[in-house]
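Visitor: What follows is a single structure, and I will ask about it in a moment.
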Amino acid sequence: ALVSMRELLDHAASNGYGIPAFNVNNLEQVQAVMTAADEVGAPVILQASAGARKYAGEPFIKHLILAATEQWPHIPLVMHQDHGQSPAICQGAINLGFSSVMMDGSLLEDGKTPADFAYNVDVTRRVVDMAHLAGVSVEGELGCLGNLETGEAGEEDGIGAEGKLDHSQMLTDPEEAAQFVKATGLDALAIAIGTSHGAYKFSRKPTGDILAISRVKEIHARIPNTHLVMHGSSSVPQDLLALINQYGGKMKETYGVPVEEIQEAIKFGVRKINIDTDIRLAMTAAVRKFLTENPDKFDAREWLKPAREAAKQICKQRYLEFGCEGQA
Ligand code: G3H
Ligand code: 13P
Ligand code: NA
Ligand code: ZN
Numbered sequence: 002a003l004v005s006m007r008e009l010l011d012h013a014a015s016n017g018y019g020i021p022a023f024n025v026n027n028l029e030q031v032q033a034v035m036t037a038a039d040e041v042g043a044p045v046i047l048q049a050s051a052g053a054r055k056y057a058g059e060p061f062i063k064h065l066i067l068a069a070t071e072q073w074p075h076i077p078l079v080m081h082q083d084h085g086q087s088p089a090i091c092q093g094a095i096n097l098g099f100s101s102v103m104m105d106g107s108l109l110e111d112g113k114t115p116a117d118f119a120y121n122v123d124v125t126r127r128v129v130d131m132a133h134l135a136g137v138s139v140e141g142e143l144g145c146l147g148n149l150e151t152g153e154a155g156e157e158d159g160i161g162a163e164g165k166l167d168h169s170q171m172l173t174d175p176e177e178a179a180q181f182v183k184a185t186g187l188d189a190l191a192i193a194i195g196t197s198h199g200a201y202k203f204s205r206k207p208t209g210d211i212l213a214i215s216r217v218k219e220i221h222a223r224i225p226n227t228h229l230v231m232h233g234s235s236s237v238p239q240d241l242l243a244l245i246n247q248y249g250g251k252m253k254e255t256y257g258v259p260v261e262e263i264q265e266a267i268k269f270g271v272r273k274i275n276i277d278t279d280i281r282l283a284m285t286a287a288v289r290k291f292l293t294e295n296p297d298k299f300d301a302r303e304w305l306k307p308a309r310e311a312a313k314q315i316c317k318q319r320y321l322e323f324g325c326e327g328q329a
């Protein structure tokens, strides 16, 4: 059944676990997440980005997720809009039936230009006002995702600032976070701690200077009752990169967010962990391997099946690692 994000995150906070929020764009990804959740008894957050809505079309995104509630009626499921860039986009998602929306006012409507605090408060507050009337939860974001060594936002064509960011823009300030939560009344706060979207997050296995879990602790100490969200939280498994490259891919050396760092953050208020890239890597590795080993096959179902299975495995692993087992 569709539930609000607030309901799931309150439960996660009371019981000390975190929920991976998986980005979905198509049938196989939805099935992968749901099957994984069903096998371990986990609650589900399915999120659709603007890119997902464009790729699949709004009716398909909506009905793919609603189909999941029909096929797995016993699993509590949040239908969440990822990175809404304006109140109008969030209103559109609410009209479409989303039970949760993210108003990302850390950037202006172009999704590229860092916004100031007053703008962020204003747009987020407006979305909270309209969403709460409809029983819909709201995630806001304070701070800009970016690499603390290079000042780069990461992904070229995804959601992220253009040009270089200052060190302080990429680390959410605890005092500002407290003001932001108070001024907006949001349900969950995405924070910046050195992660970024996409596969190319860190040029080495991250240490505390480039992945600031200490900042999570400082923010949590200041606003212990606010549910925190980590974006850019794919772990970018080395074995998946190796498989992709073994079967004809050309991915460069890169590192993601280690699972043990996420587990530490979960002890300090992080309740929603956004994951897209790991599913992309898992599916790509599986398809490359299958087609290389089976050059005579041409039925799309035959290569989509191993891709779906690989996505399911990574989702199941994250549910177990973040403490979701038996929580639904
Ligand atoms: O926010 C970033 C997510 O990974 C979504 O990516 O905009 O390519 O769908 P996308
Ligand atoms: P990754 O690119 O690390 O999977 O992050 C996804 C995300 O934050 C979606 O909002
Ligand atoms: Na941001
Ligand atoms: Zn994100």
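If you read the sequence shown in the UniProt record's numbering, its first letter stands for residue 2, the second for the next number, and so on. A virtual CB, placed ideally from N, CA and C, is assigned to each residue, including glycine.
Go through the region 156–226 residue by residue and report every complete run of the beta strand (DSSP E) that reaches 3 residues or more, in order.
Guide: You should have 189–192.
Visitor: From His198, Ala69, Ile160, pick the residue whose C-alpha is nearest to that of Ile276; which is it?
Guide: Checked all of His198, Ala69, Ile160; the closest Cα to Ile276 is His198.
Visitor: Among all the DSSP beta bridges, which residues are the ones paired with Asn121?
Guide: DSSP, once it has assigned bridges, lists no residue as partnering Asn121.
Visitor: Taking just the CA atoms, how far does Val25 sit from Gly112?
Guide: Using only the alpha carbons, I get a separation of about 20 angstroms.
Visitor: Does Met274 come out as helix, strand or coil in the three-state DSSP assignment?
Guide: The question names Met, yet the displayed sequence has Ile at residue 274. Correct three-state label for Ile274: strand.
Visitor: So, at 7 angstroms on beta carbons, what are the nonlocal neighbours of His168 in its own chain, with the 5 sequence-adjacent residues on each side left out?
Guide: Leu149, listed in sequence order.
Visitor: Taking the beta strand (DSSP E) that His228 falls in, what are its first and last residues?
Guide: Here the beta strand (DSSP E) through His228 covers 228–231.
Visitor: Would you check whether the ligand ZN has a heavy atom nearer than 6 angstroms to the C-beta of His228?
Guide: False, no ligand heavy atom lies under 6 angstroms from that Cβ.
Visitor: Measuring CB to CB, does Arg319 end up less than 7 angstroms from Gly19?
Guide: Cβ distance not < 7 angstroms, so Arg319 and Gly19 don't count as in contact.
Visitor: Judging by CA-CA distance, which residue of Met35, Gly98, His84, Ser100 is the nearest neighbour of Gly106?
Guide: Measuring from the Cα of Gly106, the nearest candidate turns out to be His84.
Visitor: Taking only beta-carbon positions, decide if Pro115 is within less than 7 angstroms of chain D.
Guide: Any reference to chain D falls outside this structure, which holds one protein chain only.
Visitor: Hey, Ile224 and Ala179: beta-carbon distance below 7 angstroms or not?
Guide: Cβ distance < 7 angstroms, so Ile224 and Ala179 count as in contact.
Visitor: What whole-angstrom Cβ distance do Thr285 and Tyr201 have, given they're in contact under 8 angstroms?
Guide: Their Cβ separation, rounded to whole angstroms, is 15 angstroms, which puts Thr285 and Tyr201 out of contact at 8 angstroms.
Visitor: State the DSSP-derived secondary structure class of Pro77, mapped to helix, strand or coil.
Guide: In the structure shown, Pro77 sits in coil (DSSP, three-state: anything other than H, G, I, E or B).
Visitor: Any heavy atom of the ligand G3H within a distance shorter than 6 angstroms of the CB on His198?
Guide: Yes; taking the cut-off as 6 angstroms, the Cβ of His198 has a heavy atom of the ligand G3H nearer than that.
Visitor: Who are Glu140's beta bridge partners in DSSP?
Guide: BP columns for Glu140 point to Met103, Ala189.
Visitor: Look at the alpha carbon of Ala53 and the alpha carbon of Ile62, and state the distance between them as a whole number of angstroms.
Guide: If you take the alpha carbons of Ala53 and Ile62, they lie about 8 angstroms apart.
Visitor: Confirm, please, whether the CB-CB distance from Gly161 to Gly155 is below 7 angstroms.
Guide: Yes, the Cβ-Cβ distance between Gly155 and Gly161 is below 7 angstroms.
Visitor: Please classify Asp279 as buried or exposed, where buried requires at least 16 neighbouring CB atoms within 10 angstroms.
Guide: Buried is the call here.
Visitor: For Glu219, tell me which candidate among Gly250, Glu177, Gln239, Lys183 has the shortest Cα-Cα distance.
Guide: Minimum Cα distance to Glu219 is reached at Glu177.
Visitor: Taking Cβ to Cβ, would you say Arg7 is nearer than 7 angstroms to Ser138?
Guide: Yes.
Visitor: Do you know offhand how far residue 399's Cα is from Ala13's?
Guide: Past the boundaries of the shown model lies residue 399; the chain is included only from 2 to 329, so the question cannot be answered.
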